[in-house]
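Structure first, commentary second.
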Amino acid sequence: MNARRTFLISLTVYLILAGLVSVMTPLGEAPDEADHYAYARYIALHHALPQGPEVTQGKHPPLYHTLAALAGGWTGMGLFLQPNPDVFPIRTDGPANFFIHGPEEGFPWRDGPLAFHLARLLSVLLGGATLWGAWRIGAEAFPRHPEIGLMAAAFLAGLPGYLYISGAMNNDNAVGAFGALALLIMVRIIRQGLSLHRTLALGIVFGLGLLSKVGMLSLWPLAALALIAPIWPQRHQVEAWGQAGLHVLAAWGMGLLVASPWLLRNWRLYGDPLGWGLVRQTVDLREGPVDLAVLFWLGKGLFTYFWGRFGAIGQIFLPGWAYLLAGLLSLALLTGILYFLVRRPSPAPPQVFLILLLVGAPALTLAGVIRYTAIALGTDQARLMWPSIAVIGVWVGVGLAGWLEMLGLTSRLRAWTLGLGMLIAASLVALATLFLLVRPALW
Numbered sequence: 000m001n002a003r004r005t006f007l008i009s010l011t012v013y014l015i016l017a018g019l020v021s022v023m024t025p026l027g028e029a030p031d032e033a034d035h036y037a038y039a040r041y042i043a044l045h046h047a048l049p050q051g052p053e054v055t056q057g058k059h060p061p062l063y064h065t066l067a068a069l070a071g072g073w074t075g076m077g078l079f080l081q082p083n084p085d086v087f088p089i090r091t092d093g094p095a096n097f098f099i100h101g102p103e104e105g106f107p108w109r110d111g112p113l114a115f116h117l118a119r120l121l122s123v124l125l126g127g128a129t130l131w132g133a134w135r136i137g138a139e140a141f142p143r144h145p146e147i148g149l150m151a152a153a154f155l156a157g158l159p160g161y162l163y164i165s166g167a168m169n170n171d172n173a174v175g176a177f178g179a180l181a182l183l184i185m186v187r188i189i190r191q192g193l194s195l196h197r198t199l200a201l202g203i204v205f206g207l208g209l210l211s212k213v214g215m216l217s218l219w220p221l222a223a224l225a226l227i228a229p230i231w232p233q234r235h236q237v238e239a240w241g242q243a244g245l246h247v248l249a250a251w252g253m254g255l256l257v258a259s260p261w262l263l264r265n266w267r268l269y270g271d272p273l274g275w276g277l278v279r280q281t282v283d284l285r286e287g288p289v290d291l292a293v294l295f296w297l298g299k300g301l302f303t304y305f306w307g308r309f310g311a312i313g314q315i316f317l318p319g320w321a322y323l324l325a326g327l328l329s330l331a332l333l334t335g336i337l338y339f340l341v342r343r344p345s346p347a348p349p350q351v352f353l354i355l356l357l358v359g360a361p362a363l364t365l366a367g368v369i370r371y372t373a374i375a376l377g378t379d380q381a382r383l384m385w386p387s388i389a390v391i392g393v394w395v396g397v398g399l400a401g402w403l404e405m406l407g408l409t410s411r412l413r414a415w416t417l418g419l420g421m422l423i424a425a426s427l428v429a430l431a432t433l434f435l436l437v438r439p440a441l442w
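Structure (structure tokens):
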């Protein structure tokens, strides 16, 4: 079995699992879903973007919500969500549902519920695109180790935290897909060299990602890294640096051009291109500094959400022992990554740039999350790392590849068997989480 067929199996399993999450999670019971629906509904009804803080998610760029409006606007997109007055204060023995769910949400779906499910389907498809990006990034960054990309895709296909967001109405799925595509283009630039069409394609994807969520900006500095890599052998020539600089400016310029309608609108209405004044009106503002206690809280939240926290505000946790196992697995993966990298012979410059790219993506995304944490509360959610989620999956594949080398199994196992093995294990975890934890808590 070749790598493509193995990936298609992972993609099929992902679509089934994410589809199950999408259908089985009551509407509005994933992070910010009700507000995202309100944003898309406004666009569908008014054929314009909202102004001011009344539509709270209106602080976000409009691409995902416009697509959701196009997908579901014909249904009427009526209001149907009824807040649950008994949910607060959150208690372990209290109700987990933020909304009261009536027969109007039942199948066959109509009107608002149908539009909601169509938006969730959009999310599932975008999550599949991210999965493809993870596979290709792993395969092209490490061409001698096809198992890395396959295990990256298989891991994400069964990761409960990833599946829950992929089955939700949420713009993080869009920025995850565009982030994966941008990183793949940068891998190809490092591998194949400078070309105007790749540079402009990178800029277009940057712009589309920015129109999905501002977190995409965390990846923009990496364009300089990727576009300098091909001229590195000629680094002593001024002309080479000039050529690389022009490509960097072209990528950033194209990104700004694609996103310019939204950026200029923000500048006109709120006084800055990203609309930070509006953001501050629609979030719970942090009053103190980002100290060690806040960083610990942030790290704990990112970790638990990544492996699996569910519900509208993450109030449904995995058992404590599951997070302990996830912590041990994380340490094991880190050990495998270090072993894999140390065991490589002295890498050529392109491979060094690739490693820097793959390290830089999650590092810069995390830096952006920390910066946002200085402004807002409630930022301890792993979905804010989605611009680089594909690369995070690739690092999981690298860690597993390191352990296979450590145990002397690389030469005995084919890449497709490793990919399918990871897929089976991850899928079983996902199914157990969905049917034994999430569904009983929300139904």
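Positions 0 to 442 (numbering that gives the first Met the number 0) are the ones given, in order, by the sequence shown.
A virtual CB, placed ideally from N, CA and C, is assigned to each residue, including glycine.
For clarity, every value in this text was computed on a predicted model and none was experimentally measured.
Would residue i be called buried (16 or more neighbouring beta carbons within 10 Å of its own) or exposed?
| i | result |
| --- | --- |
| Q191 | exposed |
| N169 | buried |
| W261 | buried |
| P25 | buried |
| D379 | buried |
| D290 | exposed |
| V174 | buried |
| I89 | exposed |
| G298 | exposed |
| A366 | exposed |
| F106 | exposed |
| A473 | Since the displayed the chain opens at 0 and closes at 442, residue 473 lies outside it and no answer follows. |
| S165 | buried |
| H64 | buried |
| T11 | exposed |
| P112 | buried |
| G392 | buried |
| L320 | One detail in the question is off: residue 320 reads as Trp in this sequence, not Leu. Exposed. |
| S122 | buried |
| V395 | buried |
| A225 | buried |
| V54 | buried |
What whole-angstrom Cβ distance do residue i and residue j have, given they're in contact under 8 Å?
| i | j | result |
| --- | --- | --- |
| R308 | G160 | 7 Å |
| F97 | E28 | 6 Å |
| G72 | A43 | 3 Å |
| P348 | W231 | 5 Å |
| P60 | V247 | About 23 Å; that fails the 8 Å criterion. |
| L162 | A400 | Their Cβ separation, rounded to whole angstroms, is 24 Å, which puts L162 and A400 out of contact at 8 Å. |
| A152 | L124 | Actually they are not in contact, since the Cβ atoms of A152 and L124 sit about 15 Å apart, beyond 8 Å. |
Pick helix, strand or coil for residue i, following the three-state DSSP scheme.
| i | result |
| --- | --- |
| A311 | coil |
| L149 | helix |
| A375 | strand |
| P159 | helix |
| Q81 | strand |
| L277 | helix |
| L443 | Residue 443 is absent from the structure shown; the chain starts at 0 and stops at 442. |
| F98 | strand |
| L284 | strand |
| F316 | strand |
| A167 | coil |
| M215 | helix |
| L406 | coil |
| F177 | helix |
| T24 | coil |
| W134 | helix |
| H246 | helix |
| D271 | coil |
| D110 | helix |
| L48 | coil |
With a Cβ-Cβ cutoff of 9 Å, do residue i and residue j count as a contact?
| i | j | result |
| --- | --- | --- |
| D31 | Q50 | no |
| I136 | L182 | yes |
| M150 | L356 | no |
| A156 | L422 | yes |
| A222 | A250 | yes |
| L120 | S211 | no |
| Q242 | P52 | no |
| G519 | L180 | The shown model of the chain, from 0 to 442, leaves out residue 519, and the question about it has no answer. |
| A17 | A138 | no |
| V397 | I189 | no |
| V237 | I374 | no |
| G270 | L218 | no |
| A381 | F302 | yes |
| L273 | L376 | no |
| W402 | G335 | yes |
| T372 | V293 | yes |
| L19 | L436 | no |
| D34 | L383 | no |
Within 8 Å: the Cβ of residue i and any heavy atom of the ligand MN?
| i | result |
| --- | --- |
| V393 | Absent from the structure shown: the ligand MN. Ligands present: none. |
Stretch pair the segment 60-75 + the segment 27-47: three plus CB contacts closer than 8 Å: yes
Touching by the beta-carbon criterion (3+ pairs, under 8 Å), the segment 244-260 and the segment 202-212: yes
The segment 384-402 / the segment 357-374 touching (three or more Cβ pairs under 8 Å): yes
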